[in-house]
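These protein sequence lines map, in sequence, to chains A and B. Count the first sequence with our numbering and you get residues 3 to 257, in order. Count the second sequence with our numbering and you get residues 3 to 257, in order. Report on one structure; see the data block that follows.
Protein chains: 2
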Amino acid sequence: MPASVGSQAVDRASALLALVVESGRPRTFTSLVEELGLAKSTTSRLLQALERSRLVQRDQRGAFRPGALFSLHAARPNALHDLAELARPTLERIGALTEETVNLSVARGNDVVQIAQIDSRYLLGSTNWVGVETPAHCTALGKVLYAFGALPLPRGNLERRTAHSPVDRAQLDHALVEVRRRGWAVSLDELEVGLGAVAAPVRAVDGAVVAAISVSGPTARVNDHGITTLGDLLVAEIRGLAALLGHHTTPEGVA
Amino acid sequence: MPASVGSQAVDRASALLALVVESGRPRTFTSLVEELGLAKSTTSRLLQALERSRLVQRDQRGAFRPGALFSLHAARPNALHDLAELARPTLERIGALTEETVNLSVARGNDVVQIAQIDSRYLLGSTNWVGVETPAHCTALGKVLYAFGALPLPRGNLERRTAHSPVDRAQLDHALVEVRRRGWAVSLDELEVGLGAVAAPVRAVDGAVVAAISVSGPTARVNDHGITTLGDLLVAEIRGLAALLGHHTTPEGVA
DNA sequence: ACACAGGTTCCATAAGATGGAACTCTTTCC
DNA sequence: GGAAAGAGTTCCATCTTATGGAACCTGTGT
């Protein structure tokens, strides 16, 4: 661990900051003291310094949350582009293994936005979905984000894209139970007849799903037959990406 | 200078990080050394510590950009909610001064997303636009984001919402020149007949426009008559918000 | 092959970070 | 309503840890 000298204070402050950002909800002073095992006085001083620099801020109750600098970054139009950069190696490896089109998406408001895509090795691949709007309930990516609470569930009737699209919340909910059970989602002929996709979640350290990755292609190649293999492959490959988002390489089971 | 002791290293590292995040584009090692006036060795050590904690990352050329922790935060569905919190006092003050509906928006992909709203004091106010999709070329918010490069300009024909909507790029471009000249944008009867709005940009320290704030209401109240007053009021009030996103000017006293 | 900019490592020094204890303010409990 | 526990900050003597100048790399252009 201490393979580094001359920066103990910064390392400690950074560790505090990482905890606050990664846990995704306000952290109390005491919980931070306990988790890092630093002296109260040290922790207090470091947090004050971070607050001064707008790296953390305190809410009404005094708990710490990511500060204005994080908000500023998030508001930049290309903030998600950085995430795409980070994920690119993972996407490319999945692309190389499956030879199909690979997409990375996050939830934004009530929509799913595609932020990166690796194109299929085949001539007959999916088109470019970056920026294209799709009804989330018909896509594997949307189902993953719905299933793990990253996207607010839709109300009212659902748009029927094909004969296979889920048409109401009951059908969708049923599908989402299955997604949670398996850990990945499928969409076959639901968005477009002849188009199949599998998607799996990308989780932050706190377990929250922050993004999803899909593999999609014509149902001639992406179909019931090899779908389990694809789903498991996705889940396995995404482990590496999750490590980038939160370095604790904990294989300890968290549901 | 600040009356703070026991955290010089953290303060310096935070200052480095703030520079990297605020400038919005990759910063070279040397430019950071020059801007902060620290010793090369110190700067190098601090940046290494920040990189270790995924607070900064280096691109292919070795320049520093915000790291994975910033991307992680940006990918969270509620990342922009934090920005809204930060802006709330400003929005409320504008709402109190104008008694009209106030909105905060950012660009996301090719769309404008409303992330916060303060409702009009009048019964006849605008409806809630948070989450609603609107054609950017017909809105004051959209024009601001277009004018200052926060939103990619639209291609092809533009949707004609009313007789006053701009119908092509030529008309829109002409309007944007005016927006840049005045520093704020107007939309009267362009989105809906009877609806008027004024919007102004929110800038980060590097000058990049990261968001826009609008005041909107029925044209009975928001119209050519008082529009300059409204525009200037917006620009003036937003200064305070920009200070929150940028450098520290106030040691104490949070509204 | 040479020089030079950009960047990292080394090291003696002392400046600055550290943690225990004292202290303040708030909340809870009886 | 008062005592006690809880949450967090400030103080201060101690010595760990950050510091910056110089040496040292490493890649690039000439």
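Idealized CB from N, CA, C, for every residue including glycine. On a predicted model such as this, the values are computed, not experimentally measured, just so you know.
Residues of the segment 68 to 99 of chain A whose Cβ lies closer than 7 Å to any Cβ of chain B, in chain order: P68, A70, L71, F72, S73, L74, H75, A76, A77, R78, P79, A81, L82, D84, L85 and L88.
Contact annotation: the segment 216 to 225 of chain A does not touch the segment 8 to 21 of chain B, with fewer than three C-beta pairs closer than 8 Å.
Taking C-beta separations shorter than 6 Å and ignoring five residues to either side along the sequence, the partners of A214(B) in its chain run S107, L143, V146, L147, A201 and P203, following chain order. In this structure, A81(A) is the residue among C140(A), L235(A), A149(A) and A81(A) with its C-alpha nearest to the C-alpha of A118(A). The alpha-carbon separation between T44(A) and G242(A) amounts to approximately 33 Å. Of the residues assessed, P168(B) falls on the buried side of the cut-off, its CB having 16 or more other CB atoms within 10 angstroms. Taken through DSSP and simplified to helix, strand or coil, G242(A) comes out as helix. In terms of Cα proximity to R29(B), the closest of G97(B), V115(B) and R67(B) is R67(B). The alpha-carbon of W186(A) is positioned some 15 Å away from that of G209(A). Under a 10 Å Cβ-count criterion, E192(A) is classified as buried, with 16 or more other Cβ atoms of the shown protein chains found around its own Cβ. Chain B places a beta carbon closer than 9 Å to that of G26(A), counting this residue as a contact.
A check of alpha carbon separations from A177(A) across A89(A), A149(A), E161(A) and T164(A) identifies A149(A) as the nearest. Around S16(A), the beta-carbon contacts reaching into chain B at under 7 Å are A51, L52, S55 and L57.
Contiguous alpha helix (DSSP H) elements confined to the segment 64 to 110 of chain A occur at 70 to 77 and 81 to 100, taking only those with 4 or more residues. From the listed residues C140(A), E239(A) and P79(A), the smallest Cα separation to R171(A) is found for C140(A). Taken atom to atom, the span from the alpha-carbon of H75(B) to that of V114(B) is near 20 Å.
Using a Cβ-Cβ distance cut-off of 8 Å, the segment 89 to 97 of chain B and the segment 49 to 58 of chain B are not in contact, since fewer than three pairs of beta carbons, one from each stretch, lie closer than that value.
What L246(A) touches in chain B, judged by beta-carbon distance under 7 Å, is A70, going in chain order. Here A77(B) really is in contact with V212(A); their C-beta atoms are around 4 Å apart, less than 8 Å. By the beta-carbon neighbour count (other beta carbons within 10 angstroms, threshold 16), A98(A) is exposed.
For S25(B), the CB contacts under 6 Å within the same chain, skipping 5 residues up- and downstream, are D208 in chain order. Residues E24, G26, V212, L247 and G248 of the same chain have their beta carbon placed closer than 7 Å to that of A206(B), with the five preceding and five following residues left out of the count. Counting only the Cα atoms, F72(B) lies some 24 Å from A238(A). The straight-line gap separating the alpha-carbon atoms of L93(B) and T230(B) is approximately 19 Å. Using beta-carbon distances, D13(B) counts as an interface residue toward chain A, with a partner under 9 Å. When 7 Å is used as the limit between beta carbons, V23(A) is near these residues of chain B: L71, L74 and H75, in chain order.
Approximately 12 Å separates the beta-carbon atoms of L197(B) and V217(B); this is outside 8 Å, ruling out the contact.
Taken through DSSP and simplified to helix, strand or coil, V23(A) comes out as helix.
Assigned with DSSP and collapsed to three states, V114(A) falls in strand. Residue contact check for V212(B) against chain A: a CB pair falls below 9 Å.
In terms of beta-carbon proximity, R110(B) lines the interface with chain A, with at least one pair separated by less than 9 Å. Not a single C-beta of chain A is nearer than 9 Å to the C-beta of S33(B).
Within chain B, the residues S9 and V12 have their CB atoms less than 8 Å from the CB of L48(A), given in chain order.
In the three-state DSSP reduction, G228(A) falls in the coil class, being neither helix nor strand.
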